[in-house]
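Novice: Numbering (mature numbering (1 follows the signal peptide of the UniProt record, and there is no 0)), first residue to last: -24 to -1, 1 to 254. Glycine is no exception: its CB is placed at the ideal position from the N, C-alpha and C atoms.
1. Quick check: the segment 237 to 251 against the segment 208 to 228, are at least 3 beta-carbon pairs closer than 8 Å?
2. Can you look up residue 127 in the DSSP assignment and give me helix, strand or coil?
3. Given 8 Å as the limit, is there contact between the segment 88 to 98 and the segment 166 to 173, that is, 3 or more CB pairs closer than that?
4. Leaving out five residues before and five after residue 177 in sequence, what residues of the same chain have Cβ atoms less than 8 Å from its Cβ?
5. On the three-state DSSP scale, how would you describe residue 144?
6. How many Å lie between residue 212 and residue 198 at the Cα?
7. Which residues bound the beta strand (DSSP E) around residue 225?
8. Going by C-alpha to C-alpha distance, which of 49, 159, 77 and 163 sits closest to residue 255?
9. Among the residues of its own chain, which have a CB less than 6 Å from the CB of residue 183, if the five just before and after it don't count?
10. With the cut-off set at 9 Å, would you say residue 46 and residue 66 are in Cβ contact?
11. Whole angstroms are fine: how far does the CA of residue 190 sit from the CA of residue 203?
12. Going by beta-carbon coordinates alone, are residue 91 and residue 101 separated by less than 9 Å?
13. Here's a check: name, in chain order, each residue in its chain whose Cβ is nearer than 8 Å to the Cβ of residue 69, leaving out the five neighbours to either side.
14. Rounded to whole angstroms, what's the CA-CA distance from residue 243 to residue 227? Just pull it up for me.
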């Protein structure tokens, strides 16, 4: 077979394949049956709204910080309006630390919910692909992490740290020692204690519970109340231990701007910004 004959046969085959594919493409349409066995396009893919109606379990992100997960119900009305109306109860349960008094103008009085995106400096974005609800909120509209309304005394729990050792002499006498640090959290109270137990070579033993304290936080004075064994804290005199009650300030209860030098900066940025102070 000559070279020209082979080229002619290949060209004819290519033309036939191209004609078949072109004919098929003009007479058929895209079949989406492979999408989870459905013959119809899901409504969420056809919706032009940023908030397609439905029930979701989303990651809640506030200013690039993941604050937890929450169930989100988007109504057809919200889909049509292309905006979410969130109730104070939902925002609190979802962990969004927003000061709602700053969003009074976005309140829907009939539904008793807030359309936060009506504020020109606030963005609320829903990602269907990642199942996340992303908030961009100015810091002036956020509740401080040290605000007493956000304090949590924790769940009932106990923690035990211990160590033990034993020794035996050639005379078959044995001695042992054990030490443990116990901490119990119950309600708003925290019980802490250090305990030790000893067994001597003569068979006698001893158990000691030291430094037993019961403490609780008091928001009104931004400090802790301690009952039991405590120690003085003085910059002028030598410290000494005592048994009784003590009221101590706790810097962790103060906002960061009250813990040291913090210049006062005011204003609202139109987007995520960096402020440098030198």
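Specialist: A quick look at the data gives this:
1. Output reads no: the segment 237 to 251 does not touch the segment 208 to 228.
2. The residue you call residue 127 lines up with position 151 of the chain shown. DSSP places residue 127 in coil when its eight states are reduced to three.
3. With the cut-off at 8 Å, the segment 88 to 98 and the segment 166 to 173 do not touch.
4. Walking along the chain shown from the start, residue 177 turns up at place 201. By the criterion of a C-beta distance shorter than 8 Å, residue 177 is surrounded in its chain by 145, 149, 150 and 151, once the five residues flanking it on both sides are discounted.
5. Translated into positions along the chain shown, residue 144 becomes position 168. Strand.
6. Taking the first residue of the chain shown as 1, we reach residue 212 at position 236. Taking the first residue of the chain shown as 1, we reach residue 198 at position 222. Straight-line measurement puts the Cα of residue 198 at about 23 Å from the Cα of residue 212.
7. If you number the chain shown from 1, residue 225 lands on position 249. Boundaries of the beta strand (DSSP E) harbouring residue 225: 217 to 225, taken from the DSSP string.
8. No answer is possible for residue 255: the residues shown for the chain start at -24 and end at 254.
9. If you number the chain shown from 1, residue 183 lands on position 207. Within the same chain, residue 183 has close Cβ partners 173.
10. Numbered from its first residue, the chain shown carries residue 46 at position 70. Numbered from its first residue, the chain shown carries residue 66 at position 90. Contact annotation: residue 46 and residue 66 have beta-carbon atoms nearer than 9 Å.
11. In the chain shown, residue 203 corresponds to position 227, counting from 1. In the chain shown, residue 190 corresponds to position 214, counting from 1. Taking the CA atoms as reference points, residue 203 sits about 5 Å from residue 190.
12. Reading the chain shown from its first residue, position 115 is the one you call residue 91. Reading the chain shown from its first residue, position 125 is the one you call residue 101. Not a contact, by the Cβ cut-off of 9 Å.
13. As a first step, residue 69 must be located in the chain shown, where it is residue number 93. Excluding positions up to five away in sequence, the list reads 46.
14. Residue numbering aside, residue 243 sits at position 267 when the chain shown is read from its first letter. Residue numbering aside, residue 227 sits at position 251 when the chain shown is read from its first letter. Straight-line Cα distance between these residues: approximately 27 Å.
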